[in-house]
Amino acid sequence: MAEPEDSRSFKQIVLIDDNRTFTVLLRSVLWEFGFRAIVDFDNPDEAIDYMKTSFVDVCFLDLMMPGTNGFKVADRARHSPDLRNRMMPIIMITGHADRTNIQRAINHGIDEVLVKPIRPKHVYQRLMGAIDTPRVYIKTRSGYFGPDRRRRHDPNYRGPERRKVEDHQVLTAEGFVHIREVRAAERLAAAARRASEAPAAPTAVAPAPTPAPTAKVDQIFLD
């Protein structure tokens, strides 16, 4: 369901970028779309501290910053148990959206990638996509809490995007469930769907009973 426009003003958005000119530009774009609660930081440490005391709905994160980068900052956020909103979508902003950086963004728990120079339409699409259709979030034994970094769910896939850690939990409506239980439930649901879609077997029709032979009566005698 799309986010009602009158509720956007209450969404808390954090911008992390050391380029003041760019944050002013991005803030103006977000303002045009109805977002009002916007806080920007040029220091990632201060931004993380803020997220521990305030519920942040979405974070826009620049890739290249002095002394660090967006991958490291995202990794800190995804491994921090103290964030008020651990399901906060992270949208990385970069002018270098090659395959390597996109794969690293996935591996560090970044939800979306926004390419510079930004266009208002693309900002809106990435932002509303993160809000309206959030990704599946998981928890691993390493302390990672964030979007499922395995974008391919084929168990036979052995490519570079394959999840290396299978011992993790998935956040569901009932809470965290181990991935083995999730996969078992998915298999049962798939089997039920196949059964419901299978054509019904023809119903056997019993042959009509053969009537018993009746004697032919030529005459009726009355005593």
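Under full-length UniProt numbering, think of the first position of the sequence shown as 1, with each following residue one higher.
Every residue gets a Cβ at the ideal spot worked out from N, C-alpha and C, and that includes glycine.
Within 9 Å, strictly: CB atoms of residue i and residue j
| i | j | result |
| --- | --- | --- |
| V14 | C59 | yes |
| H96 | L63 | yes |
| residue 271 | P89 | The structure shown does not extend to residue 271, since the chain is modelled only from 1 to 223, so the question has no answer here. |
| M87 | P134 | yes |
| N101 | R149 | no |
| I179 | I138 | yes |
| F71 | A37 | no |
| D42 | I16 | yes |
| I93 | K116 | yes |
| F33 | L114 | no |
| M51 | S9 | no |
| D75 | G109 | yes |
| D18 | R27 | no |
Cβ-Cβ separation, residue j to residue i (assumed contact under 8 Å), whole Å
| i | j | result |
| --- | --- | --- |
| R78 | G146 | 4 Å |
| P44 | T68 | 6 Å |
Alpha helix (DSSP H) segment containing residue i, residue limits
| i | result |
| --- | --- |
| K52 | P44 to T53 |
| T21 | R20 to E32 |
| F41 | F41 -> not in any alpha helix (DSSP H); beta strand (DSSP E) instead, spanning I38 to F41. |
| F71 | G70 to R78 |
For residue i: DSSP bridge partner residues
| i | result |
| --- | --- |
| D62 | I93 |
| L114 | I93 |
| Q103 | In DSSP, Q103 forms no bridge with anything. |
| I131 | For I131, which the question treats as bridged, DSSP gives no partner whatsoever. |
| T179 | According to the sequence displayed, residue 179 carries Ile and not Thr. Beta-bridge pairing links I179 to no other residue. |
| Y137 | P147 |
| V170 | I138 and V177 |
Environment of residue i [buried if 16+ CB atoms lie within 10 Å]
| i | result |
| --- | --- |
| L25 | exposed |
| R119 | exposed |
| L188 | exposed |
| G143 | exposed |
| residue 242 | Outside the shown range of the chain (1 to 223) lies residue 242, about which nothing can therefore be said. |
| D111 | buried |
| F55 | exposed |
| Q169 | buried |
| S7 | exposed |
| V136 | exposed |
| F35 | buried |
Residue i - containing beta strand (DSSP E), residue span
| i | result |
| --- | --- |
| V56 | Note, V56: premise wrong, no beta strand (DSSP E); not H, not E. |
| L15 | I13 to I16 |
Interface flag, residue i vs chain B, CB-CB below 9 Å
| i | result |
| --- | --- |
| F35 | Protein chain content of the structure displayed is limited to a single chain, and chain B is not contained in it. |
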